[in-house]
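Asks: Line order of the protein sequences matches chains A and B. Numbering follows this note's numbering, with no gaps: position 65 of the first sequence is 65. Numbering follows this note's numbering, with no gaps: position 209 of the second sequence is 635. Here a beta-carbon is modelled for each residue, glycine too, at the ideal position from N, C-alpha and C. Here the structure is a predicted model, which is why all the values come from computation and not from measurement.
2 protein chains.
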Amino acid sequence: MSEPVRTAEVIAVGSELLGSTRVDTNSLFLSDCLASLGIELRAKTVVGDSRREVADHFRRALDRVDLVIFTGGLGPTDDDVTREAVADVLGIGLIEQPAIIERLRERFARRGLQMPDVNRKQALLLDGGQILENPNGTAPGQMFARGRQLVLLFPGPPRELKPMMQTVMTTVLASRVSRERLFRRTLFVVGRGESHVEEVAQPIYSTWLNASPPIETTILAAPGQVELHLVLRSADAVEANRILDAARDRLVAAFAGDVFSTDGRSMEEIVGALLAERSLTIAAAESCTGGLMMSRLTDVPGSSAYVVGGAVVYSNELKTSLAGVARDLIAAHGAVSEPVAVALAEGIKSRTGASIGVGITGIAGPTGGTPAKPVGTTCIAVIAPDGAAQVRTFALFGTRGMVKFWASQYAMNMVRRLLVSADAAR
Amino acid sequence: MSEPVRTAEVIAVGSELLGSTRVDTNSLFLSDCLASLGIELRAKTVVGDSRREVADHFRRALDRVDLVIFTGGLGPTDDDVTREAVADVLGIGLIEQPAIIERLRERFARRGLQMPDVNRKQALLLDGGQILENPNGTAPGQMFARGRQLVLLFPGPPRELKPMMQTVMTTVLASRVSRERLFRRTLFVVGRGESHVEEVAQPIYSTWLNASPPIETTILAAPGQVELHLVLRSADAVEANRILDAARDRLVAAFAGDVFSTDGRSMEEIVGALLAERSLTIAAAESCTGGLMMSRLTDVPGSSAYVVGGAVVYSNELKTSLAGVARDLIAAHGAVSEPVAVALAEGIKSRTGASIGVGITGIAGPTGGTPAKPVGTTCIAVIAPDGAAQVRTFALFGTRGMVKFWASQYAMNMVRRLLVSADAAR
C-alpha cells in the first residue's frame with residue numbers, strides 16, 4: 001500500500017454559495033465521512049465560478065494536504081469550470097469520452113429529449129483520471145491520483161454527491177487510509193467562563209499532548225455552555241476508548257459538578273432525562289424569560305411526561321393572580337428579588353401540583369436597569385419535592401436574547417444540581 | 427481617496443467549524459454587508475486552529491484580494507491563533523496594550539471576577555494596527571492597512587462581530603469603496619409555500635430582469651416564512667429606491683395581505699409594534715408550543731408594554747386550573763380541538779385582563795398522533811378586544827421543533843391579521 005491519506009481539504013465551487021442565503025452543506029457530510037476514515041479535514045473553501053481562482057485555490061491545497069475534494073462546477077454551462085481548473089493545475093489535458101456522451105444521450109432519450117450540445121462538456125475526463133459514476137444526475141464525477149495525493153471531483157447537488165462519496169469511501173479510500181481512526185469525547189460545562197474553563201483544564205490536558213497517542217483538546221464557548229472537545233487518533237478502538245474515558249473522568253472531576261453533559265445532549269435533554277428517571281414533574285413561573293425555559297424543556301420529545309406547564313408572569317398583576325405572589329412582597333422587595341423568585345416557584349408548584357417549582361425574575365434589558373439592579377440581574381428559585389427552597393441571584397451579560405437564554409440555562413442547571421445532589425444524599 | 431476596495435475573502439478560524447455539526451454563519455452576514463458596499467466576496471474559507479495553516483491561507487488571500495476578513499481565533503486560549511498568524515505573514519510584531527488590559531480587568535471586575543492571566547493575550551495588537559471596539563465581549567477586533575489592502579480581525583460570536591462590522595462599514599469601508607451600491611428590498615410572506623410564492627411572483631419579477639438597471643429576485647424558504655429578496659445595483663440612490671419601492675408595492679399587492687414584513691422585521695416585532703401602536707395587551711394559553719409564542723414576543727425590547735403573560739398548559743389539569751377550560755369540554759372534543767382552543771383563549775383573556783387572548787393546542791410529535799388528528803394538527807384561537815373569536819385548524823409538518831415554530835408563527839399571524847383588518851373596518 002502507498003502512503004496513507006491523512007489530511008484533506010474540501011473546495012466547493014459556485015458563486016451562488018458566496019451569497020448570504022446559501023450554505024455549503026456538502027462539506028458537513030464530507031467532514032463526517034472523512035472523520036469516520038480517520039482523515040483530518042484541515043480546511044474548507046467556497047470559491048466562485050472563476051477558472052483562474054479555482055485553480056489558484058487548488059494549487060495551494062495540493063501544497064498542504066493528501067486529498068482534495070471538489071464539489072460543484074461539473075455542470076454543462078460556461079460557469080462550470082472545475083474540470084478545466086484542475087486540468088490547468090495538474091498540467092494535463094481533458095479527453096472527450098465517447099462512452100460518456102453515449103450514456104448522456106441515452107439518459108436524455110429516456111426522458112424523450114435530445115441531448116443539448118453543451119452537455120458534451122460533461123464527457124471531458126482528466127487525462128489519466130477515472131470516472132466516478134453518478135446514478136442521480138448527468139455530471140459524472142472524476143478521480144485523479146498523483147503519487148500519494150488524490151483529487152476527487154463531485155457534482156454539487158447533495159443527492160448526487162452522497163451516494164458517490166459513499167462508493168468512493170468503501171472502495172478507493174478504504175484501501176488508502178491508515179487503520180487509524182479518530183475517537184472523540186465532548187464535555188459541556190455550565191457556570192464557568194471560557195477562560196476559567198481553560199485555567200482548570202489546561203494543566204490537565206497539557207499532559208496529554210505529549211502522551212502516546214496524544215489527546216488533542218479544544219475549548220469552545222457556545223451559548224449557555226463552554227465545550228471541551230477531546231480527539232484521539234488510534235488504530236485500537238478498545239485502547240482509545242479506555243484512554244478517552246479516563247481523560248473525560250479526570251476533567252469531570254476537576255469541574256466538580258459543572259460538567260452537565262458528556263454525550264452531546266443539551267441541558268433540556270439532560271434535565272428531562274433526570275426528571276423522567278425519577279418520575280418527577282416540573283412547573284415554572286417565568287417573568288423575564290417569557291416562557292423560554294418551558295419552551296426549551298418542551299422541545300424534547302416525550303417531555304409531556306414531566307412538564308406539566310406553568311405561567312408566564314410578565315406583569316406584576318399576573319405574578320399575583322397566576323402564581324400567587326403576595327402583592328406586599330413585590331412592593332417590599334421589588335419584582336426582581338430573591339423573595340419574589342421563591343414565592344413564584346412556591347406558588348406555581350402548589351398551583352400545578354408539580355414535584356418541582358421554578359421561579360425566574362430578572363431584567364432582560366436593554367432598558368429597565370437601575371444602579372442597584374442593572375440589566376441582567378436575575379433571581380432564580382427552585383423548590384425541591386420536599387419543599388426546600390434554593391435561590392440565587394445572577395449577573396447576566398449580553399443582549400436581551402442572551403440574558404433570556406442564560407437565565408433559562410442557569411434555572412435548568414439549578415434543577416439538574418438539585419436532582420443529582422439528591423441522589424448523592426440518598 | 428486611495429484605490430477603492432473591490433474584492434474580499436473571508437477566513438473563519440476554528441477547528442470546531444470543520445466538524446459536521448457547525449456552520450459558519452458569519453460569512454453570510456458579511457457577504458450581505460460586502461454586497462451592500464459593492465465589494466465582491468471572492469472566496470470564503472474555514473481553517474482549523476493552526477497558526478501555520480491560518481498564515482498560509484492568509485498569505486494566499488493577500489495575493490488575490492483587497493480586503494481579508496478574519497472571524498474567530500481572538501479568544502484568550504492557546505487555540506486562538508489569528509493574531510499571531512496575521513503578524514507572521516505581515517512580518518510585524520504584536521504589542522501588548524495596557525489600556526486594553528485595564529478595560530478587560532474592569533469588565534471582569536464588574537462581574538465580581540478577577541481577570542484570568544490568559545486574557546492578557548487579548549490585549550496584543552498588531553504593530554501599526556488599530557483596535558476595533560467590541561461592546562459585547564472581551565476580544566477586541568483589529569484592523570491593519572497595507573497600502574490599498576485592508577485586513578480585519580473580528581471575534582467569532584455573531585453578536586460580537588455584527589455591531590463591530592456595522593461600525594467598520596459606516597466608517598473606514600464607506601470611504602474606501604466605489605460609488606456603485608447594491609440596494610435591496612426584502613419581503614416576508616407567511617401562509618404560502620415556496621412554490622406558490624414563485625407562481626405568484628415569477629410573472630412579475632421576470633419583467634424586471636431585462637429592465638435597465640435590472641432587479642434580481644431571489645426566493646428563499648426560511649422557518650415560518652418565505653422571503654423575496656430584490657437587489658438592484660446603481661450609483662443613483664434616489665432612482666434605485668424609487669424603482670425598488672414600486673417593485674415592492676407590486677409584490678405586496680399581489681400577495682393580498684400575506685406579506686407581513688417589508689423591512690426585515692420578524693413576526694414578533696411586527697405584531698409587537700401593532701399592539702403597541704394601539705395600546706393593546708396580549709396573553710396566551712399555550713399547550714403544544716410550550717411557551718414559545720410568549721418567549722418570541724418577549725424577545726422584543728419593550729415588549730413588557732403589551733405582553734402581560736399567560737400560561738403554559740401542557741397537562742389537561744392545567745388547561746382547567748390555569749386557563750379555566752371546562753373539564754367536560756376536553757372530554758367531549760379532546761384537548762386538541764377548536765372548542766378547547768377557543769376556551770383557552772377566552773379563559774386566559776379573562777383571567778389576565780389582556781385585550782387579546784390566544785389559545786394554542788396541538789400535537790407537536792413525534793408521537794401522539796392519531797389517524798383523525800395526525801402529528802402536526804394544531805388548533806389556534808384568537809379572541810379580539812370585543813370578545814369576537816376566530817379559530818383555525820392547521821396541518822403542520824416537520825420535526826417537533828418545526829411544528830412548534832410554525833404554530834407560534836401562525837398564531838401571531840392571526841393576531842396580526844386581526845389588528846390590521848380592525849384598521850380596515852374603521
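To the nearest angstrom, how far is the alpha carbon of T77 of chain A from that of V54 of chain A?
Replies: 16 angstroms
Asks: For N839 of chain B, is the classification buried or exposed, using 16 other Cβ atoms within 10 angstroms of its Cβ as the cut-off for buried?
Replies: buried
Asks: List in chain order: all unbroken beta strand (DSSP E) runs of 3+ residues lying wholly within the segment 545-614 of chain B.
Replies: 550-552, 556-558, 567-572 and 575-580
Asks: When DSSP builds the beta bridges, which residues end up paired with T45 of chain A?
Replies: According to DSSP, which records beta bridges pairwise, T45 of chain A is partnered with A:I11 and B:T471.
Asks: Identify the continuous beta strand (DSSP E) that holds E227 of chain A and give its terminal residues.
Replies: Q225 to S234
Asks: Please report the distance separating the alpha-carbon of L456 of chain B from that of A769 of chain B.
Replies: 47 angstroms
Asks: May I ask you to list the residues that DSSP assigns as paired with E466 of chain B?
Replies: E466 of chain B is bridged by DSSP to B:T433.
Asks: Using the C-alpha atoms, what's the distance from R704 of chain B back to D475 of chain B?
Replies: 52 angstroms
Asks: Within this structure, are the beta carbons of A815 of chain B and T803 of chain B separated by less than 8 angstroms?
Replies: Cβ distance not < 8 angstroms, so A815 of chain B and T803 of chain B don't count as in contact.
Asks: Within the same chain, show all residues whose beta-carbon is closer than 7 angstroms to that of E624 of chain B, passing over the 5 residues directly before and after it, in chain order.
Replies: I645
Asks: Under 7 angstroms Cβ-Cβ, which residues of chain A neighbour D458 of chain B?
Replies: Near D458 of chain B (Cβ distances below 7 angstroms), the residues of chain A are S20.
Asks: Between E269 of chain A and chain B, is there a C-beta pair that is closer than 8 angstroms?
Replies: no
Asks: Output the distance between the C-alpha atoms of L530 of chain B and R537 of chain B, rounded to the nearest integer angstrom.
Replies: 11 angstroms
Asks: To which residues of the same chain is K588 of chain B closer than 7 angstroms at the C-beta, ignoring the five residues directly before and after it?
Replies: F455
Asks: Among B:D482, B:G501 and B:L578, which one has its Cα closest to the Cα of D514 of chain B?
Replies: B:D482
Asks: From M1 of chain A to L173 of chain A, what distance separates their C-alpha atoms?
Replies: At M1 of chain A the pLDDT is 47, less than 50, meaning the model places this residue with poor confidence; the figure from the coordinates comes in the next sentence. One Cα belongs to M1 of chain A, the other to L173 of chain A, and the distance between them is close to 12 angstroms.
Asks: With a Cβ-Cβ cutoff of 8 angstroms, do A407 of chain A and C288 of chain A count as a contact?
Replies: yes
Asks: Please classify T428 of chain A: is it buried, with 16 or more other beta-carbons within 10 angstroms of its beta-carbon, or exposed?
Replies: Look at the range of chain A in this structure, 1 to 426, and you will see that residue 428 of chain A is not part of it.
Asks: Quick check on this structure: which residue in A:R181, A:I69 and A:F260 has the alpha carbon closest to the alpha carbon of V468 of chain A?
Replies: Any answer about residue 468 of chain A is impossible in this case: the structure gives chain A only from 1 up to 426.
Asks: Output needed for L444 of chain B: all residues of its chain with C-beta closer than 7 angstroms, excluding positions within five of it in sequence on either side, in chain order.
Replies: Correct list, in chain order: V472 and G474.
Asks: So, for L274 of chain A: in the same chain, excluding its five sequence neighbours on each side, which residues have a beta-carbon less than 6 angstroms away from its beta-carbon?
Replies: L419
Asks: So G788 of chain B is in the beta strand (DSSP E); what residue range does that whole segment cover?
Replies: I782 to G788
Asks: Does DSSP classify Q816 of chain B as helix, strand or coil?
Replies: strand
Asks: List the residues of chain B that T45 of chain A touches, going by C-beta distances under 8 angstroms, in chain order.
Replies: A469, K470, T471 and V472
Asks: For chain B, find out if any of its Cβ atoms is closer than 8 angstroms to the Cβ of N413 of chain A; answer yes or no.
Replies: no
Asks: Is the distance from the Cβ of A411 of chain A to the Cβ of M294 of chain A below 8 angstroms?
Replies: For A411 of chain A and M294 of chain A, no; Cβs fall outside 8 angstroms.
Asks: Whole angstroms is fine: what's the gap from V189 of chain A's alpha carbon to H196 of chain A's?
Replies: Cα to Cα, V189 of chain A sits roughly 11 angstroms from H196 of chain A.
Asks: Look at I383 of chain A and E346 of chain A and say whether their C-beta atoms are less than 8 angstroms apart.
Replies: yes
Asks: If you measure from the beta carbon of Y410 of chain A to each beta carbon in chain B, is any gap under 8 angstroms?
Replies: no
Asks: Does the segment 458-470 of chain B come into contact with the segment 545-555 of chain B, if we say contact requires no fewer than three beta-carbon pairs (one atom in each stretch) closer than 8 angstroms?
Replies: The answer is no - the segment 545-555 of chain B does not touch the segment 458-470 of chain B, with fewer than three Cβ pairs under 8 angstroms.
Asks: Pick helix, strand or coil for S741 of chain B, following the three-state DSSP scheme.
Replies: coil
Asks: Quick one, are the C-beta atoms of V231 of chain A and E216 of chain A less than 8 angstroms apart?
Replies: yes
Asks: Grab me the residues of R107 of chain A's own chain with a C-beta within less than 7 angstroms of its C-beta, minus the 5 sequence neighbours each way, in chain order.
Replies: T138
Asks: What does the alpha-carbon distance come out to for the pair P116 of chain A and S729 of chain B?
Replies: 58 angstroms
Asks: Below 8 angstroms between beta carbons is the criterion; list the residues of the segment 496-513 of chain B that meet it against any residue of chain A, in chain order.
Replies: G501, P502, T503, D504 and D505
Asks: What is the DSSP secondary structure of G736 of chain B, reduced to helix, strand or coil?
Replies: strand
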